[in-house]
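Asker: Take the working numbering: the last position of the sequence shown gets the number 677, and nothing is skipped along the way.
First the structure, then my questions, so here it is.
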Amino acid sequence: MQRDGAYIPFAESGSYPIRPGNAVRPLVDGEPAFREICQTVDAARKSVWVTVAFLKGDVQMPDGRGSFFDVLDRARGRGVDVRALFWRSPEQEKEQPGIHFPGTPEQRNWLRERGSRFLARWDALPKKLCHHQKSWVIDAGEPEEVAFVGGINLDPGSVVVPGHPPRDVGNLHGNIHDLYVRVRGPAATDLHHNFVQRWNESTERGREDGVWPDVSRADDLPFPTAPSSPAGEVAVQISRTVRPELYTDRTATPGGRPFAIAEGEQSALEQYVAAIDAAERTIYIEDQVIGSPRIVDRLDRALVRGVEVVFLVPGQAHHEFAAARKDERFKPYFEKLHALGHFDRFALVGIASNVAPGRYQDVYVHAKIMLVDDVWATIGSTNIADRSFERDTELN
């Protein structure tokens with residue numbers, strides 16, 4: 282990306298190439314984002330494919346559309362091919378029940394009782410690591426193909442209006458700031474490819490309880506064979522984190538090259554580092570954590586060379602981050618993070634709603650975005666944390 286001699290490179294590693302000719306639109310906060318996603322699902326003619334991380338089954342979609350499952354069932358009822366790829370974590374379900382949809386016997390009985398006929402597979406990772414991607418691909422491979430990628434979870438605290446007026450929430454994560462981005466054009470084909478790769482090699486696909494409704498109907502999908510037509514003027518690259526040995530199929534995305542996915546992918550990390558290193562004037566970040574020493578080092582170097590950095594975080598930190606702050610093993614890292622505050626050009630900020638004079642309600646920043654020099658941005662599911670850059674499954 283060229284601007285007055287400055288160059289912000291794209292990732293050189295990874296599955297997906299730079300794609301010119303896209304139309305992109307950020308969708309800020311859950312209510313507007315899910316309104317547009319649901320409207321697009323309602324208009325789907327061929328297919329609706331979604332990757333799901335965290336999900337509370339009773340979450341309501343905007344404008345009286347009912348639950349997430351109601352939206353899928355209605356599309357399936359019109360003859361649309363509807364598929365959901367869910368994360369399965371028995372450890373997470375035992376520790377925090379009800380925050381994702383691991384396909385327990387009770388959940389499968391509930392799907393049976395409601396007559397749900399969409400197709401589903403489950404995908405697992407070791408321990409509590411997360412398949413953290415949040416994406417929708419609608420009418421994949423068709424002229425009207427639209428895709429969405431971002432970080433917004435399917436929970437009541439996330440389906441909120443912009444501006445975040447105070448809510449009677451009673452918990453930390455009751456009013457959440459987050460984003461999706463709508464993509465049309467050739468880059469949507471890479472989101473199509475990502476879904477097919479994960480769907481076809483989902484870890485639980487051979488288990489009776491790892492598919493819905495059964496193995497024969499929740500069948501494999503073909504990879505895309507041609508990129509979607511140009512729809513705008515924006516250059517886009519899809520970046521990811523994929524752990525080694527999860528998937529093996531090297532089938533290239535259309536116009537791309539075969540990628541050794543069995544070795545894993547860290548193009549999201551590469552892209553963050555490259556963009557920070559290339560910044561000349563400004564870096565604006567929104568994220569729920571600052572948990573990567575490599576990124577803190579890069580931000581320090583950027584500040585030394587005169588770049589202004591603003592980092593928006595939750596005013597009340599994520600509980601795991603707060604616990605790490607008290608752990609002596611992480612003291613050197615937090616000292617390094619603290620040192621950023623010595624720069625006048627660095628601001629660490631939170632946001633809150635005004636409840637009454639002198640009273641505020643924290644707005645939990647769950648977004649994962651970075652904007653550099655007003656010429657380049659990333660939006661997705663990837664936290665600025667080594668876990669997201671190396672071990673969870675992510676998509677930007």
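We treat Cβ as the ideally placed atom computed from N, Cα and C, and that holds for glycine.
Give a yes or no on contact between the stretch 320-340 and the stretch 361-379, applying the rule of three or more CB pairs nearer than 8 angstroms.
Answerer: Short answer: they touch.
Asker: So if DSSP puts F592 in a beta bridge, which residue, or which two residues, is it bridged to?
Answerer: Answer is I566 and L629, bridged to F592.
Asker: Is G286 buried or exposed, if buried means 16 or more other CB atoms sit within 10 Å of its CB?
Answerer: In this predicted model, G286 has a pLDDT of only 37, less than 50, meaning its place in the structure is not dependable; the value taken from the coordinates is given anyway. Classification for G286: exposed.
Asker: Take every Cβ of the stretch 553-570, pair it with every Cβ of the stretch 660-668, and state whether three or more of those distances are shorter than 8 angstroms.
Answerer: In short, these stretches touch, since the Cβ pair count reaches three.
Asker: Hey, out of H381, P371, L584 and I650, whose CA is closest to F627's CA?
Answerer: Comparing Cα positions, the closest option is L584.
Asker: With a floor of 3 residues, list each beta strand (DSSP E) that falls wholly inside the stretch 616-677, ordered by position along the chain.
Answerer: You should have 627-630, 632-637, 640-646, 650-653 and 657-660.
Asker: With 16 as the cutoff for other CB atoms within 10 Å, does N635 come out buried or exposed?
Answerer: N635 is exposed by the Cβ-count criterion.
Asker: Check each candidate in P574, L550, L618 and D654 and name the one with the smallest Cα separation from G295.
Answerer: Considering only alpha carbons, the answer is L550.
Asker: Would N456 and G438 qualify as a contact pair, given that the criterion is a beta-carbon distance under 8 angstroms?
Answerer: Yes, these two residues count as a Cβ contact at 8 angstroms.
Asker: What residues are listed by DSSP as bridge partners for I457?
Answerer: According to DSSP, which records beta bridges pairwise, I457 is partnered with Y645.
Asker: Decide if T470 is buried, meaning its Cβ has at least 16 other Cβ atoms within 10 Å, or exposed.
Answerer: Classification of T470: buried, given that the 10 Å Cβ count is 16 or more.
Asker: Could you check how far apart the C-beta atoms of F476 and S416 are, in whole angstroms? I think they sit under 8 angstroms.
Answerer: So it is a contact: roughly 7 angstroms between Cβ atoms.
Asker: Quick check: the Cα distance between A292 and A637, rounded to an integer number of angstroms?
Answerer: Cα to Cα, the separation comes out at about 46 angstroms.
Asker: Helix, strand or coil: how does DSSP classify E601 here?
Answerer: Three-state result, E601: helix.
Asker: If you pair each beta-carbon of the stretch 380-397 with each one of the stretch 493-501, do three or more pairs fall below 8 angstroms?
Answerer: These segments touch.
Asker: Hey, how far is the Cα of R467 from the Cα of S348?
Answerer: It should be pointed out that residue 467 corresponds to Pro in this sequence rather than to Arg. Spanning the two alpha carbons is a distance of roughly 31 angstroms.
Asker: Report the CB separation of G431 from S662 in whole angstroms; it is logged as a contact under 8 angstroms.
Answerer: The pair is a contact, with the Cβ atoms about 7 angstroms apart (cut-off 8 angstroms).
Asker: Contact check, S328 vs A421 under 8 angstroms by CB: the rounded distance?
Answerer: Indeed they touch by this definition, with Cβ atoms about 5 angstroms apart.
Asker: On the three-state DSSP scale, how would you describe T470?
Answerer: Correct three-state label for T470: helix.
Asker: Considering only the alpha carbon of each residue, which of V363, E544 and G358 lies closest to T529?
Answerer: Ranking V363, E544 and G358 by Cα distance to T529 puts E544 first.
Asker: In three-state DSSP terms, what is I380?
Answerer: Note: I380 maps to coil in three-state DSSP.
Asker: Thinking V653 and I289 are a contact (beta carbons under 8 angstroms), I'd like their distance in whole angstroms, please.
Answerer: Confirmed, about 6 angstroms.
Asker: Is the Cβ-Cβ distance between A304 and G639 less than 8 angstroms?
Answerer: Taking 8 angstroms as the Cβ cut-off, A304 and G639 do not qualify as a contacting pair.
Asker: How many angstroms separate the CA atom of G631 from the CA atom of E489?
Answerer: Taking the straight line from one Cα to the other gives about 46 angstroms.
Asker: For D351, would you say it is in contact with chain C, using Cβ-to-Cβ distances shorter than 8 angstroms as the test?
Answerer: Structure shown: chain C not included; a single protein chain is present.
Asker: Excluding the five sequence neighbours on either side, which residues of its own chain have a C-beta within less than 8 angstroms of the C-beta of P511, listed in chain order?
Answerer: Counting only Cβ-Cβ distances below 8 angstroms, and skipping sequence neighbours, we find P301, G302, N303, G466 and P467.
Asker: Output needed for D354: all residues of its chain with C-beta closer than 6 angstroms, excluding positions within five of it in sequence on either side, in chain order.
Answerer: Result list for D354: S397, in chain order.
Asker: Can you give the Cα-Cα distance for P447 and H599, rounded to whole angstroms?
Answerer: Going by the C-alpha atoms only, they are around 20 angstroms apart.
Asker: D351 to P503, Cα distance in whole Å?
Answerer: Rounded to whole angstroms, D351 to P503 spans 27 angstroms at the Cα level.
Asker: According to DSSP, is V418 helix, strand or coil?
Answerer: Reduced to three states, the DSSP call for V418 is strand.
Asker: Run the proximity test for K607: is its beta-carbon closer than 7 angstroms to any non-hydrogen atom belonging to the ligand HEM?
Answerer: As for the ligand HEM, it is missing from this structure, which has no ligand bound.
Asker: Quick one, which of I299, P298, Y297 and L308 has its alpha-carbon nearest I650's?
Answerer: Ranking the options by Cα distance to I650, first place goes to L308.
Asker: Considering just the uninterrupted stretch of the alpha helix (DSSP H) at N390, what are its terminal residues?
Answerer: Counting along the chain, the alpha helix (DSSP H) containing N390 begins and ends at P386 to R395.
Asker: Do R524 and R346 have their CB atoms nearer than 8 angstroms?
Answerer: The answer is no: Cβ separation not under 8 angstroms.
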